[in-house]
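Structure, as C-alpha cells:
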Amino acid sequence: MTTLTLRIDDQMATDLQRIADMQHRTKSDVAREMLRKDIALEKYRQLRQKALPLAEAAGYLTDEDVFEDIS
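Heads up, the final residue of the sequence shown is numbered 348 in the working numbering, and it's a clean run with no missing numbers.
In C-alpha cells, the structure reads:
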C-alpha cells in the first residue's frame, strides 16, 4: 500500500474527523473510501464521454431512448 500525504484546510479536517467519529472509522478509512468513490465516478464520466458519440450514432440521444430499447 502506498502512503499519500496531502494538505487540507481546517474545516475539511474538522468535517473528516466528524464523519470518522460518527462512523467509528479512522480518518484514513473515510478518506480512502471517498477517494475510491470519486475515482470510480471519474472513470464512469470518462467512459460515458467516450461512449456518447457511439450511442448518438446508433440513435440513442436520450436516456429514454435507451430505456425504450431495453424495456
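Glycine residues also receive a C-beta, built at the ideal position from the N, C-alpha and C atoms.
Under the three-state reduction of DSSP output, S305 falls in the helix class. Inter-residue distance for T339 and D287 is about 42 Å (C-alpha atoms, whole angstroms). Between L293 and K304 a beta carbon distance of about 5 Å is seen, short of the 8 Å cut, so the two are scored as contacting. Annotation note: the region 292-345 contains no uninterrupted beta strand (DSSP E) run of length 3 or greater. Comparing C-alpha distances from I296 to each of E310, Q326 and D346 shows the shortest one belongs to E310.
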